[in-house]
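> For the protein sequence lines, the chains are A, B, C, D and E, in the order given.
Using the numbering used here, you'd call the opening residue of the first sequence number 1 and step up by one each time.
Using the numbering used here, you'd call the opening residue of the second sequence number 361 and step up by one each time.
Using the numbering used here, you'd call the opening residue of the third sequence number 682 and step up by one each time.
Using the numbering used here, you'd call the opening residue of the fourth sequence number 1251 and step up by one each time.
Using the numbering used here, you'd call the opening residue of the fifth sequence number 1571 and step up by one each time.
Glycine is no exception: its CB is placed at the ideal position from the N, C-alpha and C atoms.
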Amino acid sequence: MTALLEVEDLRVSFRTADGVVSAVDGVSFSLEANRTLGIVGESGSGKSVTGLTIMGLSRGESTDISGSVRFEGDDLLAADDRRLRAVRGDDIAMVFQDPLSALHPFFTVGDQLVEAVLVHRRVGKGEARRRALELLGLVGIPAAERRMSAYPHELSGGMRQRAMIAMALINDPRLLIADEPTTALDVTVQAQILELIRELQAEREMAVILITHDLGVGGGGADEVAGLYAGRVVERASNEAIFEAPQHPYTWGLLQSIPKMTDERADELVPIPGRPPSLIAPPSGCRFHPRCPYARPSHSRIDPRLEPVGAEPGHEVACLLPERVRRNLWARLRAGATPAEARGVAEDPVLDESEREAAP
Amino acid sequence: MSVETFEAAETGGLTSESAVQARTPWQLFWRRLRGDRVALAALAFIVLLVLVALLQAPIRSLLGLPGPNVQNPAALDVFGTPTGPSAEHPFGVDTLGRDVFSRVLAGAAVSLQVALISTGIAVAVGTLLGMLAAFYGGWVDTTFSRMADVLLAFPVLLLALGIAAACSGAEGCAGGLIQPGIGTVVFTIAFINWVFVFRIIRGQTLSLREKEYVEASRSLGASNRRIIFREILPNLVAPIIVYASLLIPQNILLEAALSFLGVGVQPPQASWGAMIADAVTVFDTAWWFMFFPGTALLLTVLAFNLVGDGLQDALNPRSDR
Amino acid sequence: GDDDGGSTEAGDGGGGSAEVGAPVTETASDAQKGGELTVLSAGDVDYLDPGKAYYAFSFMVLYPMHMTLYAFEPGNPEEAAPMLADGDAEVSDDGLTVTVKIKDGVRFSPPVDREVTSADVKYAIERAFTKEVTNGYVNSYFANIKGVDAFKKGDADEISGIETPDDLTIVFNLTRGGPLVGALSMPITAPVPKEYAREFDSKNPSTYGENQVTTGPYMLDSYRPGREIVLTRNPNWDGELDPRPAYLDRIVFSEGNDDATVASRQILEGKGMVSGDFPPPPAVIKSTVQGDTKELIQFNPGSGTRWVSMDTTRPPFDDLNVRKAVLAGFDSNAMRLTRGGELIGDIATHMLYPGVSGFEEAGGMEGFGLDFLSNPSGDEELAAEYLRKAGFESGKYEGPPILMVGENAGVDQAAAQVAQRQFEKLGFKVNLRQVPGDTMYTKFCNVPSSDTQVCPNVGWIRDFADPETVLGPTFNGNNIVPENNVNWPELDDPAINKAMDEASALTDPDERARAWADIDRMITEQAPLIPWLWDKFPTIHSTDVQGVNALWNQGSYDLAYTSLAGAGS
Amino acid sequence: MTHYIVRRLLWIVVLLFFVSTLTFVVFYLLPSTDPALLRAGRSSDPEVIEAIRVQLGLNDPMLVQYWNYMKDIVLHFDFGYSYVNNAEVRDLILDRLPATISLAVGAAVVWLVLGIGVGVISAVFRRSLVDRLAMGGALLLVSAPVYWLGLVALLLFANDIGAFPLFEGSGSYVPLTEDPAQWFASLIMPWFVLSATFAAIYARLLRANLIETLSEDYIRTARAKGLSERRVIFKHGLRSAITPIVTLAGLDIGVLLGGAILTETVFNIPGVGRLSYDAITRGDLPIVQGTVLFGAFFIVVLTLVVDVVYAKLDPRVRYR
Amino acid sequence: MTDTLMSVSHLTKHFPLTEGVVFQREVARVHAVDDVSLEVRRGETLGLVGETGCGKSTMARMMVRLLDPTSGTISYEGEDVTAASGARLKRLRREMQMIFQDPYSSLNPRKTIGSIIAEPFAIHGLLGSDGARRRRVQELMEQVGLNPEHYNRYPHEFSGGQRQRVGVARALALAPKLIVADEPVSALDVSIQAQILNLLRGLQRELGLTIVFIAHDLSVVRHMCDRVAVMYLGNLVELADSDTLYRHPRHPYTGALLSAVPVAAARSTVRRERQVLEGDLPSPTDPPPACRFHTRCPKAQEICRVQAPPLTPKDGGALAACHFPLADEEASAIVPTA
Ligand SMILES: Nc1ncnc2c1ncn2[C@@H]1O[C@H](COP(=O)(O)OP(=O)(O)OP(=O)(O)O)[C@@H](O)[C@H]1O
Ligand SMILES: Nc1ncnc2c1ncn2[C@@H]1O[C@H](COP(=O)(O)OP(=O)(O)OP(=O)(O)O)[C@@H](O)[C@H]1O
Ligand SMILES: [Mg+2]
Ligand SMILES: [Mg+2]
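Set out below in structure tokens:
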């Protein structure tokens, strides 16, 4: 099976007054039809920029983009505006985080849907309207006829997001990029929307990129998860592996800082210390090293590459710790050890060996 | 390396980044403004203008020019029409034989004085009332806002003309408190301007009032007075500065317009607007009489506008020119 | 009246020095009938009603419409000729009965259409005494008619002293001598049909002005206040009975041309236009006189006199030496430059001005040779001397600031500033307040009780050919009134007052001239005000206009004599 | 909606009432001409003057005078009588109105076309040479006093004195009904001069609005739909960016209908602004009051119109 | 000394919605909080959960007297808070403090961290000398994990988590007994959120604080709270011990909430049926009659439309306001924690 979307070594940087922001710095992944990729990471890690770049929406005077984004073998980064416009909203569609600001406040929901049809299909207004109505029904908006003439602000948050999804799906895209589609919504509504996306995806064999900062959301919905840190993918794994055998201290941190409803009340959460790094002057070496409890001095010099994890297919990690040590650490953490306790492993002489290995 | 690593990691991010960031919001602001060469040039022009206005007497004596109110009938021809630029009078003379250069200098002082003082008063009054109205709401707000509505319903220039004319009488107005001349112009402009400041500040305060730090202060037991002056006011400083910087050039123009219409600065005191008005009768034969004060006015207003734009950009990172 | 009102003449002595721009006082021989003339003016008439009007510009509008008993013809400002009257007035030996015959067959314009009778003249004068009409000069010149007081009080329906023995005769019985005969050229002598006017006169203020009927060559077509007055031919006018040629078919007064420069240019470069109430500004005078269009501008001698008055009743100007000092140091030349330099008039040396009878008797252009009026550019040393006499050792005035109230627009504003500067030169601190013209008069200068000490923008023009009309209202202490006072210096010298009373009763013109010249000397020696200009009010017209200047009325064009070249074709 | 408008209209009445009160108070302080003395003409007979005073009600207390004034306005649409002009104030104003409307509306057309055109071009070609030149020019125009600009324009282009006599008839306004060609000729320069500042302000504002709008999320959505850049700018961008411009235009026109004093003065246009200015310089209180009320009327009515239109344009706004 | 620190009874808050050009008249009212009674026990952490707009913040703000209730009473240590004013109110304010949701808007950007934390002392005139204040502020900064040397820095120089620490320090300054924390972590990234939660719990243990903890994230509430109150459209629908509530939810709304929580675990390990609530939250200006949840409740019957269920104890120990409470089997089918 060939991949629907292949992103290779994508780099996006913005020239700003304060310096060059490397928002995305060498991201690669691929995605097949009918699959969902979850992209997770802290705020500012480059999730949205990745999504936008795929659609060519981050182009601009002060933006530098390199790498390749191949959609069905066709490099979108190299495509001209005309070609891009033909793809946007037709083959690839996007749903944004805040539906209130992402819908035009001065046009009715109906108009905005109809417009989306008319850009890509040579059909009459009436046909476009029918299609819009159909989609509103499909995404579960009751009394669709009436909602067509409503303005976005007249709908509730959930309804708006449904309308947004209807607009994205109206031309049967093969790839849907959903950028934090539920962050602005209540849990109950969030559940509704995620459910909806899942159903529609199954129906249409569509590929989905689900961007979220919540591993719960990403985990629940995605077949595969990519963890993003400071513009880089630090770990890529299947749904199963990311929760059961994560390999990167960053992933551990994300997992362990979430209070778990299913557990007994734990005494302490395990947060990731510090805060996300500056993207103008990112830390040298492993970008996570300043916040990594297991970092060794050499990690500030050596830049890890994304490498396959043992025998697991499709599991990749960019970490300088030897795999054995990582497995060991995760086992301890999972058993309830604090990072400090788990760090006992770090005293393992094997580690020093790895240090030597890794040194150039 | 146990707890220390943790702590270092916690604060490490901060120190590395604070090296990039400036210390205070003001430093940030200065840094941005420093990058705006046009605004800096305009600022330099204004500084120069202020200096010139302050030092007009020495400048005049240096150039050997008569005072701004000295009439020299000899500088007029037999028909009483003014003569143009010459070594003796670099900008020519006006219809009364007064040196236009000296009067342009004197006009600078008047313009700056009127615009700065009246803007200051308007901003002070507008800010205070705007804060009170928005903060207390209810009848306080209703009273001031309706008052503002009434003032805003007035044709501005007419109101200005009216007040200025009313106060230009021999007795002045407000029981003689406001005397004809500069006092009246300042009062008029301030009276008209405070409403605009009021509206802006009221709007800003309405949103600031809802900020959580105001709630926080209140929940700590802060008095209203403290909240208004310690919590809200400091946050209004930036918009006030921007707005004032935009009002000043407008008020320079308003002063000139009032003087042009004859109800502003009273003769013989020089004002650019009044000079242009006097030049109207001879503007096709004595171009210099209209040209120099007009150009001075244009450049000054332009400079203030440029500085205002610069300040706005520097204080509002979102703006983008 | 003051410089906006009244009538005038132009004496032969009137500064003939200027060669350019001498007034045209005769119709060109090739004048043609027909055409429309536009008169550009800045302001409007004060009143359109002949019973109320008192502005020079109003007279310019009214005379072409009406036949007053007597009227000045353009060439002769000295003596009024009969117009509605049929011959000169007969004055009894005691001077107390004046009989005038009027012409037979003069008819009112539509809708009245009937012939004019002496009763119409009587009514015209009577209504001027009513509060609905409120005339500005009737109390000065007609108050000595018998029965006026009773009429004014409402005790009588008519003025008993005006008799109309038959339809064509009107007799005035007077209580004492006075300038009545000369005043019979004023517009209130234009007949008003009582039966028609009563309806309008019963309103307060009377609306007869907008509805007036006329006896002259023109009648009122339309009036838009501040914008436009249009006159058209009066179909009932009989050229045989009226000496005026009346060439034009239509006269449009286009008002609101505040910018004298623009208006002047329009006239000079346009067609069929003349200036109304404004003098062309200095720059225009200069370019016109220096260019090849000299003939389009006229300087009209005898257009009045301009003064800077001082309040002689309060310090510091109650001190004659201070007043003399001010006159001595005053640079009248600088003042004159604000209006256009020497072409626009001569520097005044006394109160009567060229063209008013008595002017020559009062020393003509040289005046009385008083030291403090001898240097037109001001003599600061002499001023200092007088100031020292007044007790200011330094030769500079050192008292408290003085209040000067002037006009806020046009050349008067400039003049006020020059005046201010002149006072300041002598050490005065001057608070100059510049206010609207009407305000200056009604709130400040014309109100003796106001604190105003100096009025730099006043002036006077005679009402008709008699020196009393220049000196009487303005310097007779008995004429000081609490409001609308025109004795601006508030000069109240018993000797002068007495001399005036005597001179007023004189009937022989030469005697009158000599008596009033003496009074002129007495006044001038008191230095009550600074006479700085004998005006030669300039007027301009388009190339195709043959304008004829009425020298008695501030030199304005007499439209009944003015014609357009090429209008006939 | 009707409800809302009715309530707003009532408020307008109240507002105008306050405006007239304030005018009365402010202008009562004016050292204006004494109408009785004006009425009396040059008559100095104190009895006559006193009689006129009584008759005009000038001896009544200020409140009574005010009451009478308001009564006449409300009952007879009578704005009083000008003793300086000897005419009904209402007639004077109505007479001047066509000139003012010609000036204001014509200028508005000019500045909207120029302002919007330049604004859009500048926003779309942001930071280009065109943009920089346009914005520099705009700032220059914003800084120039309109009367000075008018004089300079006259010096340059007037048919009589101009260096390049392009425009016939400047300075000699003629009503439209009299001679449309001359009307147009006489107004073309005033239109451009009056609209200069406004066009500059509008261009600057529209540019800023459009740039800001173009960074909105919904513009990104429009692009994500695959719309052409032109459609994104002109349909989605301009639609939002222009809304505040419409509001502003309404208010500015409202103010100008009350008289463009400076422009009318410089170009000698007999409009309401000129009338009121003359009245102020002559101390003619009744005209001042009348014109102020008229001006205020246009302002408040256009404010209402703008609010209603705005609510039509921006569906998020609800009538309160 | 009783067990109860604060008791709230029949607390109601309605916000009038007004319109009018000049004079405002009321056209509708938002029923933000309607007849809520509960008590806060000394030393406990009471959780308050519910969807957006259900009245959590309004409750919080009434508790610390930032809002005056429309009706009902709040008593603090037996003293009626609702009636307090002037000096008494000022004294009461020292006893209870609030921590706010938005770490950006809750700190005045124009003030230094030091002066923000010192503000309580300035307002109450405590620790007169600058030196003493500064020392105390730095102690507090240390206590919440901030570098005391950053005393003179401005908020914008800090990250969200650090700012929230400043907010905590300010709340602690007057040594209050009660802290009301209104969604203190919902604006933070998960990784940072955990730092703050740890801090709050540590402080509570150390200082014996009583905390009212508001959140819409049920896992956070579970982690933090001893007891939990669930609100829906201004009503209190369920109140129980944390364990009881999560194991044996009784109100269908609680069930639905718990069911909707995304769980960070591999798909294969989660076995439950999600119950997705139909429809939208009704408008608080015109809440449904009787049981407000009936429009969306899968178990609703006729009686729910006409009779409001009282808050009564149900099987398992929870207090719930429901005519047809969930049974354990029903709950375990949909709720992962049951
Ligand atoms: N147009 C731009 N110009 C400059 N910097 C940008 C631009 N867009 C994004 N960035 C920067 O790029 C980085 C990554 O942004 P991005 O929006 O992808 O983050 P994110 O992972 O989506 O975060 P969040 O969870 O907050 O949405 C951030 O530091 C952001 O400030
Ligand atoms: N000052 C106010 N005026 C009018 N309505 C208000 C006001 N404050 C809150 N409301 C309304 O009261 C209801 C309850 O609001 P509240 O802020 O208490 O909800 P919440 O549960 O805290 O919601 P969130 O989770 O969004 O913070 C909402 O419908 C809100 O719109
Ligand atoms: Mg994002
Ligand atoms: Mg809340």
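Would DSSP call residue 367(B) helix, strand or coil?
Annotation note: pLDDT 35 at residue 367(B) (below 50); position unreliable, coordinate value reported separately. The answer is helix: DSSP assigns residue 367(B) an H, G or I state.
> Looking at ligand 1, does it come within less than 6 Å of residue 23(A), judged from the CB to the closest heavy atom?
Indeed, a heavy atom of ligand 1 lies less than 6 Å from the Cβ.
> Helix, strand or coil for residue 1215(C)? Go by DSSP, reduced to three states.
Three-state DSSP puts residue 1215(C) in a strand.
> Could you give the uninterrupted runs of the beta strand (DSSP E) lying entirely in the region 64-113 of chain A, keeping only those of 3 residues or more?
With a minimum length of 3 residues, the continuous beta strand (DSSP E) runs that stay inside the region 64-113 of chain A are 92-95.
> Measuring straight from C-alpha to C-alpha, what distance separates residue 1083(C) and residue 474(B)?
Their Cα atoms are separated by approximately 26 Å.
> Have a look at 1015(C), 1098(C), 1011(C), 944(C) and flag the residue whose alpha-carbon is nearest the alpha-carbon of residue 1061(C).
Of the candidates 1015(C), 1098(C), 1011(C), 944(C), the one whose C-alpha sits nearest the C-alpha of residue 1061(C) is 1011(C).
> Please determine if the region 538-550 of chain B and the region 596-616 of chain B are in contact, where contact requires at least 3 C-beta pairs separated by less than 8 Å.
Touching, yes.
> For residue 1675(E) and residue 329(A), I'd like the C-alpha separation in whole angstroms.
Distance between the alpha carbons of residue 1675(E) and residue 329(A): 39 Å.
> Does at least one heavy atom of ligand 3 sit under 6 Å from the Cβ of residue 1465(D)?
Because no heavy atom of ligand 3 lies under 6 Å away, the Cβ of residue 1465(D) does not count as near it: no.
> To the nearest whole angstrom, what separates the beta carbons of residue 1629(E) and residue 1600(E), a pair I think is in contact under 8 Å?
With a Cβ gap of about 14 Å, residue 1629(E) and residue 1600(E) do not count as contacting.
> Within the 7 Å Cβ cut-off, does residue 1303(D) reach chain C?
Not one chain C Cβ lies under 7 Å of residue 1303(D).
> Out of curiosity, what's the CA-to-CA distance linking residue 1755(E) and residue 1766(E)?
Their backbone Cα atoms lie some 7 Å apart in a straight line.
> Would residue 1324(D) be called buried (16 or more neighbouring beta carbons within 10 Å of its own) or exposed?
Exposed, since its Cβ has fewer than 16 Cβ neighbours within 10 Å.
> Identify the continuous alpha helix (DSSP H) that holds residue 407(B) and give its terminal residues.
That run of the alpha helix (DSSP H) goes 397-414.
> For residue 1583(E), I'd like the list of residues in its chain whose CB is within less than 7 Å of its CB, leaving aside the five on either flank, ordered along the chain.
Only 1602, 1603, 1628, 1632, 1637, 1639, 1640 meet the Cβ criterion.
> What residue range does the beta strand (DSSP E) around residue 16(A) cover?
Residue 16(A) -> beta strand (DSSP E) spans 5-16.
> Note the first and the last residue of the continuous alpha helix (DSSP H) segment covering residue 648(B).
Taken as a continuous stretch (DSSP letters only), the alpha helix (DSSP H) holding residue 648(B) covers 647-675.
> To the nearest angstrom, how far is it from the Cα of residue 1891(E) to the Cα of residue 1802(E)?
Using only the alpha carbons, I get a separation of about 11 Å.
> Using CA atoms only, rank isn't needed, just tell me which of 1857(E), 1863(E), 1789(E), 1713(E) is closest to residue 1618(E).
Nearest C-alpha to residue 1618(E): 1789(E).
> Just checking residue 371(A) against ligand 1 - is the residue's beta carbon closer than 6 Å to any of the ligand's heavy atoms?
This structure does not reach residue 371(A), given that chain A is present from 1 up to 360, and the question cannot be answered.
> Report the CB separation of residue 961(C) from residue 927(C) in whole angstroms; it is logged as a contact under 8 Å.
Going by Cβ atoms, the distance from residue 961(C) to residue 927(C) rounds to 27 Å, so no, they are not a contact pair.
> Should residue 665(B) be flagged as near chain E, meaning a C-beta pair shorter than 7 Å?
With 7 Å as the cut-off, residue 665(B) does not count as an interface residue toward chain E.
> Within 10 angstroms of its Cβ, does residue 697(C) collect 16 or more other Cβ (buried), or is it exposed?
Interpretation of residue 697(C) is limited by its pLDDT of 37, a score under 50 that renders its predicted location unreliable; the figure taken from the coordinates is listed afterwards. That one is exposed.
> For residue 382(B), which three-state DSSP category applies?
Any answer about residue 382(B) is weak, because its pLDDT of 43 lies below 50 and its placement is not dependable; what the coordinates show is given next. Here residue 382(B) sits in coil by DSSP.
> What number of angstroms, rounded off, separates the C-alpha of residue 1715(E) from the C-alpha of residue 1703(E)?
Taking the straight line from one Cα to the other gives about 18 Å.
> At a Cβ cut of 9 Å, what residues of the region 1445-1469 of chain D count as close to chain A, listed as they run along the chain?
Against chain A - using a Cβ distance shorter than 9 Å - the residues of the region 1445-1469 of chain D are 1466, 1467, 1468, 1469.
> How big is the Cα-Cα spacing for residue 946(C) and residue 1332(D)?
So the alpha carbons of these two residues sit roughly 31 Å apart.
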